[in-house]
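Numbering (the working numbering), first residue to last: 599 to 984.
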């Protein structure tokens with residue numbers, strides 16, 4: 599029986615290729631390669647170690663997948679693509695007794711020759727490719743028309759399959775529980791290291807297979823920061839500001855939303871800012887409809903929040919969520935991507951006051967029948983009693 603993809607939307611990619619007039623796409627970008635091959639490689643972000651998919655519009659032409667030798671066996675066991683080839687990288691031989699090409703481009707040349715690729719329109723990731731790799735790939739594809747397929751590929755990935763939605767929903771549910779554990783751990787004398795351990799432990803204990811990311815702002819050293827990379831050892835005191843942006847990971851797909859807090863007390867102005875941010879954010883997120891563009895969503899959100907807060911700082915107000923933490927539609931003023939059903943997206947607002955960066959975010963799914971807020975049951979109380 600021919601293997602079938604578990605989460606990759608094969609019909610959508612073929613349809614997009616048909617619309618764009620593209621016969622073959624060659625994908626080595628880490629997220630694109632993982633998405634189409636369904637192999638979650640470790641090392642594809644390295645410029646010298648490509649994991650690359652060759653996918654043809656014509657279903658009669660078999661796709662191919664080229665990987666480093668060291669990953670061949672696991673790739674063969676993981677991907678739905680039957681033609682998996684390897685080039686000598688990290689190891690010269692493995693437990694698989696097969697031919698290894700001297701380098702990636704020797705393998706790619708063989709794939710193209712086997713399929714008699716000539717005179718085709720071929721989509722690549724264009725300027726998103728490493729410069730040296732792009733130059734060699736363009737030379738290898740001489741005799742074909744090369745087009746940049748990167749934006750079209752982002753549109754393909756924007757609409758999620760049922761399996762992708764399942765993974766994202768589970769990751770979000772686990773992240774909701776991690777937020778609850780984080781909030782409960784806020785106490786006088788606790789540290790941001792304690793909060794980090796509590797949140798990450800909660801994710802794993804509730805079924806995550808990894809931590810997609812976690813950024814904690816806590817106290818004067820990081821209360822202004824959007825993405826503080828590490829805890830700083832701050833000991834929590836009354837009146838401190840604490841924020842966490844985090845996501846659990848489930849089979850490569852991560853949650854992503856934010857909550858902010860004050861410890862014990864804060865001013866009425868901070869409470870007012872927080873109320874406006876959350877009220878408008880939720881109204882905007884629940885009010886989206888298929889057919890709106892990212893730019894239209896931004897303009898609507900900016901107009902709504904500007905009725906309450908001046909100098910709103912956001913360049914964007916939301917983004918899609920999937921294999922990547924920021925996917926289409928990117929909701930900024932110039933974005934023209936059209937929102938479609940079965941898109942998972944985040945709406946997020948922030949605002950600065952007295953050296954503190956308020957930050958809030960929710961996660962939504964839009965369907966043919968409306969919008970679901972997956973994070974609606976995570977409390978938004980600004981002040982934590984201690």
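Glycine residues also receive a C-beta, built at the ideal position from the N, C-alpha and C atoms.
Status (buried if at least 16 other CB within 10 Å, exposed otherwise) for residue i
| i | result |
| --- | --- |
| residue 879 | buried |
| residue 694 | exposed |
| residue 909 | exposed |
| residue 916 | buried |
| residue 932 | exposed |
| residue 717 | exposed |
| residue 758 | buried |
| residue 835 | exposed |
| residue 858 | buried |
| residue 697 | exposed |
| residue 730 | exposed |
| residue 631 | buried |
| residue 639 | buried |
| residue 600 | exposed |
| residue 785 | exposed |
Residue i - containing beta strand (DSSP E), residue span
| i | result |
| --- | --- |
| residue 743 | 743-746 |
| residue 681 | 681-685 |
| residue 859 | 855-861 |
| residue 622 | 622-625 |
| residue 846 | 839-848 |
| residue 651 | 650-654 |
| residue 812 | 808-816 |
Residue nearest to residue i in terms of C-alpha spacing, selected from the options
| i | options | result |
| --- | --- | --- |
| residue 761 | 827, 791, 811 and 850 | 850 |
| residue 848 | 668, 839, 972 and 763 | 763 |
| residue 656 | 705, 620 and 641 | 620 |
| residue 742 | 753, 751, 948 and 720 | 720 |
| residue 824 | 918, 972 and 955 | 955 |
| residue 686 | 669, 889 and 876 | 669 |
| residue 607 | 633, 645, 950 and 837 | 633 |
| residue 787 | 663, 812, 817 and 808 | 817 |
| residue 666 | 678, 644 and 680 | 644 |
| residue 977 | 617, 738, 778 and 624 | 778 |
| residue 732 | 754, 794 and 626 | 626 |
| residue 612 | 891, 772 and 653 | 653 |
| residue 893 | 930, 912 and 755 | 930 |
| residue 674 | 649, 609 and 945 | 649 |
| residue 624 | 709, 609 and 610 | 709 |
| residue 860 | 871, 936 and 914 | 871 |
Beta-carbon contacts of residue i that lie in its chain and below 7 angstroms, excluding the five residues immediately before and after
| i | result |
| --- | --- |
| residue 713 | 659 |
| residue 748 | 723, 724 and 726 |
| residue 775 | 800 and 804 |
| residue 830 | 790, 819 and 820 |
| residue 605 | 636, 759, 761 and 762 |
| residue 966 | 939 |
| residue 752 | 925 and 926 |
| residue 676 | 636 and 637 |
Extent of the continuous alpha helix (DSSP H) run through residue i
| i | result |
| --- | --- |
| residue 874 | 866-884 |
| residue 760 | 760-783 |
| residue 666 | Premise fails: residue 666 lies in the beta strand (DSSP E), 662-666, not in any alpha helix (DSSP H). |
| residue 832 | From DSSP, residue 832 is part of no alpha helix (DSSP H); its letter is neither H nor E. |
Beta-carbon contacts of residue i that lie in its chain and below 8 angstroms, excluding the five residues immediately before and after
| i | result |
| --- | --- |
| residue 971 | 880, 883, 884, 960, 961 and 962 |
| residue 700 | 685 and 686 |
Cβ shell of residue i (< 6 angstroms), same chain only, five flanking positions each side left out
| i | result |
| --- | --- |
| residue 629 | 921 and 922 |
| residue 587 | In the structure as shown, the chain starts at 599 and stops at 984, and residue 587 therefore has no counterpart that could be examined. |
Beta carbon proximity, residue i to chain D, threshold 9 angstroms
| i | result |
| --- | --- |
| residue 901 | The structure shown contains no chain D, having only a single protein chain. |
Check: What residue ranges within the segment 940-967 form continuous beta strand (DSSP E) runs of no fewer than 3 residues, ordered along the chain?
Finding: 941-951 and 954-965
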